[in-house]
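K.L.:
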Amino acid sequence: MFYDLLGWEVNVLKIAVVGATGEVGRMFLKLFEEYKLIDEIRELRLFASERSEGQKIKVGSQYYTVEKLEEEKMKERYDYIFFSAGGSVSEKYAPIAEKAGNVVIDNSSFFRMKENIPLVVPEINGEILKGYRGIIANPNCSTIQMVLALNNVYKSLKIKEIVVSTYQAVSGAGNKGLKELLSQQQGSKEVKHFPKMIYNNVIPLIGDKLENGFTKEEEKMIEETKKIFVDKNMKIFPTTVRVPVLYGHSESIFVSTEKDASINELIDLIEATPNVIYSEEYITPIEVAGTDNTYVSRLRKPEEKAFLMWVIADNIRVGAATNAIRILLKHRELN
Ligand SMILES: NC(=O)c1ccc[n+]([C@@H]2O[C@H](COP(=O)([O-])OP(=O)(O)OC[C@H]3O[C@@H](n4cnc5c(N)ncnc54)[C@H](OP(=O)(O)O)[C@@H]3O)[C@@H](O)[C@H]2O)c1
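Note that numbering that gives the first Met the number 0 numbers the sequence shown so that position 168 is 167, with each residue one more than the last.
What follows is the structure, encoded as structure tokens:
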């Protein structure tokens with residue numbers, strides 16, 4: 000909360016959410032309340048497609064009307080604009096907002112690998128936001144929880160190779176993903192959004208398949224991890240898999256390092272990153288849904304300089320909205 004010269008509380012932030020009716024967008028709104036940002040927001044604008052124009056959404060004690068996204072509205076001055084409406088919307092509208100002098104926190108993949116765009120997980124590389132204004136990219140959900148778990152292992156032991164298999168919730172594919180699983184649970188045989196039936200099934204293919212056999216989702220995990228750790232030589236071999244879980248991505252990770260460490264030293268390194276928790280007991284998606292931590296369990300060390308672990312986090316929160324809110328908080332702290 001900020002105070003004026005007379006000591007009265009004043010609301011200072013003007014914030015916009017593009018994609019406010021989506022899975023990630025609605026989570027932003029929830030987090031504005033949870034993180035008490037709503038008390039500091041002087042003006043909140045919600046944007047979505049024409050389909051949602053006029054819809055009313057309650058945030059805090061007030062209802063806000065969803066507006067249709069238009070260029071002119073992105074030319075206004077905001078303190079922060081969150082984008083979570085897909086890559087093509089970000090591609091078109093985020094540069095307009097940036098040109099108007101706004102700080103844009105983008106959840107799509109469109110800007111993540113662009114050279115001059117910071118790709119930020121605040122607990123790891125938030126300091127790069129000092130003095131920066133413009134588009135800030137939020138990494139892919141599967142990348143965020145993996146790099147959070149491995150952050151200090153990387154810094155202390157240097158990671159040579161990561162082999163990771165993901166078990167990704169249907170909410171990672173947005174509203175449509177959730178609806179498809181829920182309707183198949185009710186007996187529908189319609190397959191629209193996922194490549195095969197997801198109910199009672201597991202689909203080892205997320206995103207378009209590339210020429211080298213990996214998928215777009217797997218490529219994101221490879222390239223984004225290298226960018227965040229600033230290490231072009233690290234080898235990363237992901238297999239991304241969709242599972243019939245509503246919320247919470249899980250990852251089985253094998254890591255080989257240059258230096259060795261005992262299990263206890265590994266636990267200390269894992270827990271040294273804020274918002275990362277080590278658990279002796281294994282953790283499952285149902286237990287992490289609705290939380291803001293990344294959980295590491297099933298830590299095993301079968302040989303020198305190598306270990307395995309199970310990493311799990313709420314994909315909509317840690318993997319998207321919470322990371323974006325943490326970007327805002329870090330940016331504001333540094334600037
Ligand atoms: N879900 C995750 O776990 C996750 C994690 C990390 C990043 N992301 C990224 O976040 C973005 C949103 O994901 P989501 O899961 O929230 O998707 P979603 O549930 O499908 O929501 C999409 C949102 O975008 C809006 N939208 C779509 N087309 C639009 C247009 N032409 N103009 C303005 N608004 C438009 C939709 O509005 P209407 O309601 O009007 O259609 C809705 O608000 C994607 O880029 C996704 O890759 C998602």
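Backbone N, C-alpha and C fix where the C-beta goes; we use that ideal spot for every residue, glycine too.
For ILE202, tell me which candidate among LYS219, THR238 and LEU181 has the shortest Cα-Cα distance.
P.N.:
Here the closest residue by C-alpha is THR238.
K.L.:
Rounded to the nearest angstrom, how far is the Cβ of ILE205 from that of ARG241, given a contact under 8 Å?
P.N.:
That pair is a contact at about 6 Å.
K.L.:
Below 7 Å, is the gap between the Cβ of GLY125 and the nearest heavy atom of ligand 1?
P.N.:
No, since every heavy atom of ligand 1 falls outside the 7 Å radius drawn around the Cβ of GLY125.
K.L.:
Consult DSSP for ALA93 and reduce its assignment to one of helix, strand or coil.
P.N.:
If DSSP states are grouped into helix, strand and coil, ALA93 belongs with the helices.
K.L.:
Can the beta-carbon of GLY247 be found less than 8 Å from the beta-carbon of VAL287?
P.N.:
Yes.
K.L.:
Do the region 256–273 and the region 221–239 touch if we need at least three Cβ pairs shorter than 8 Å?
P.N.:
Taking 8 Å as the limit for Cβ pairs, the verdict is that the region 221–239 does not touch the region 256–273.
K.L.:
Would you mind giving the Cβ-Cβ distance between ILE311 and SER249, rounded to the nearest angstrom? I have them listed as a contact below 8 Å.
P.N.:
5 Å between Cβ atoms; contact.
K.L.:
With DSSP as the reference, label GLY172 as helix, strand or coil.
P.N.:
Reading off the sequence shown, one finds Ala at residue 172, where the question assumed Gly. The answer is helix: DSSP assigns ALA172 an H, G or I state.
K.L.:
Name the residue from PHE109, LEU156, LEU245 and GLY212 whose alpha carbon lies nearest to the alpha carbon of LYS175.
P.N.:
Checking every option, the nearest Cα to that of LYS175 belongs to LEU245.
K.L.:
Does the Cβ of ARG50 lie closer than 7 Å to at least one heavy atom of ligand 1?
P.N.:
Under cutoff, so the answer is yes.
K.L.:
Using three-state DSSP, classify VAL162 as helix, strand or coil.
P.N.:
Of the three classes helix, strand and coil, the one that applies to VAL162 here is strand, per DSSP.
K.L.:
At a cut-off of 7 Å, is VAL254 close to ligand 1 when judged by its beta-carbon and the heavy atoms of the ligand?
P.N.:
No.
K.L.:
When you compare each of LYS74, MET73, SER51 and GLU70 to THR64 by their alpha carbons, which one comes out closest?
P.N.:
Of LYS74, MET73, SER51 and GLU70, the residue nearest in Cα terms is SER51.
K.L.:
Considering only DSSP beta bridges, list what HIS248 is partnered with.
P.N.:
Bridge partners of HIS248: ALA312.
K.L.:
Beta strand (DSSP E) containing GLU302: first to last residue?
P.N.:
From DSSP, the beta strand (DSSP E) with GLU302 extends over 293–302.
K.L.:
Using 7 Å as the cut-off, classify the Cβ of THR20 as near or not near the heavy atoms of ligand 1, replying yes or no.
P.N.:
Correct: THR20 has its Cβ closer than 7 Å to ligand 1.
K.L.:
Just how far apart, CA to CA, sit ILE37 and LYS188?
P.N.:
So the two alpha carbons sit approximately 42 Å from each other.
K.L.:
DSSP on ASP38, reduced to helix/strand/coil?
P.N.:
DSSP places ASP38 in helix when its eight states are reduced to three.
K.L.:
Could you round the C-beta distance between ARG41 and VAL17 to whole angstroms and report it? I think they count as a contact, below 8 Å.
P.N.:
Rounded, the Cβ-Cβ distance is 19 Å, inconsistent with contact.
K.L.:
Judging by CA-CA distance, which residue of LYS219, VAL169 and MET233 is the nearest neighbour of MET112?
P.N.:
Nearest of LYS219, VAL169 and MET233 to MET112, Cα basis: LYS219.
K.L.:
Are the CB atoms of VAL23 and ILE326 nearer to each other than 8 Å?
P.N.:
Not in contact: VAL23 and ILE326 (Cβ atoms no closer than 8 Å).
K.L.:
Should VAL190 be labelled buried (16 or more other beta-carbon atoms within 10 Å of its own) or exposed?
P.N.:
Its Cβ having fewer than 16 others within 10 Å, VAL190 is exposed.
K.L.:
What's the gap between the Cα of ASN151 and the Cα of GLU49?
P.N.:
Cα-Cα distance, rounded: 45 Å.
K.L.:
Looking at the unbroken alpha helix (DSSP H) that takes in ALA148, where does it start and where does it end?
P.N.:
Its alpha helix (DSSP H) spans residues 140–156.
K.L.:
State buried or exposed for SER141, treating a residue as buried only when at least 16 other CB atoms are found within 10 Å of its CB.
P.N.:
Classification for SER141: buried.
K.L.:
Measure the beta-carbon distance from SER89 to PHE110 and round it to whole angstroms, keeping in mind my assumption that it falls under 8 Å.
P.N.:
The Cβ separation is near 7 Å, so the contact holds.
K.L.:
On the three-state DSSP scale, how would you describe THR335?
P.N.:
The question about residue 335 has no answer, for the chain in this structure spans 0 to 334.
K.L.:
Which residues in the same chain as GLY53 place their Cβ atom closer than 8 Å to its Cβ, once the five residues preceding and following it in sequence are excluded?
P.N.:
Here the set comprises THR64 and VAL65.
K.L.:
Taking the alpha carbon of ALA271 as the point to measure from, which residue in THR290, LEU149, LYS208 and GLY289 has its own alpha carbon closest?
P.N.:
Comparing Cα positions, the closest option is LEU149.
K.L.:
Within the continuous beta strand (DSSP E) that includes PRO243, where are the two ends?
P.N.:
Looking at the DSSP string, PRO243 is not in any beta strand (DSSP E), and its letter there is neither H nor E.
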